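Residue numbers (my numbering): 4 to 116.
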């Protein structure tokens, strides 16, 4: 298990760096395979996202699906509903295969693709 602070993984000089993060995932999965693992499971918490980073992060989410599809990699992404408006939620839904949503105290699965 490796835990990396968001400032180390997602940001460069305080700004979200799409290419750096995508390349980082490729390096991590290749390293895992080289070390005898069958794949990689990751999770990311987006509570750090600021409005100024949303468009770049949305573009990253679109692109990471292409990366994950080429490797034995599974990801769980979490989003703060307090920081996501309706437009941001639509972006999230469009860029994921399914979503788990807690409504009225119960978890529901929503198949997207």
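Even glycine gets a Cβ: it sits at the ideal position worked out from N, Cα and C.
Remember, predicted model here, so these are calculated numbers, not experimental data.
- Nearest in C-alpha terms to residue 18, of all of 52, 101, 108 and 32, is 52.
- When secondary structure is reduced to three states using DSSP, residue 50 falls in the coil class, being assigned neither helix nor strand.
- As the crow flies, the alpha-carbon of residue 21 is around 23 Å from that of residue 89.
- In this structure, the beta-carbon distance from residue 28 to residue 67 falls below 8 Å.
- Beta bridge pairing from DSSP links residue 78 with 45.
- Non-local beta-carbon contacts of residue 23 in its own chain, meaning distances under 8 Å to residues more than five positions away in sequence, involve 15 in chain order.
- DSSP lists 104 as the beta-bridge partner residues of residue 111.
- Comparing alpha carbon positions, the residue from 33, 30, 41 and 50 closest to residue 9 is 50.
- Residue environment: residue 4 is assigned as exposed (fewer than 16 neighbouring CB atoms within 10 Å of its CB, all protein chains considered).
- Between residue 104 and residue 56, the alpha-carbon positions lie close to 23 Å from each other.
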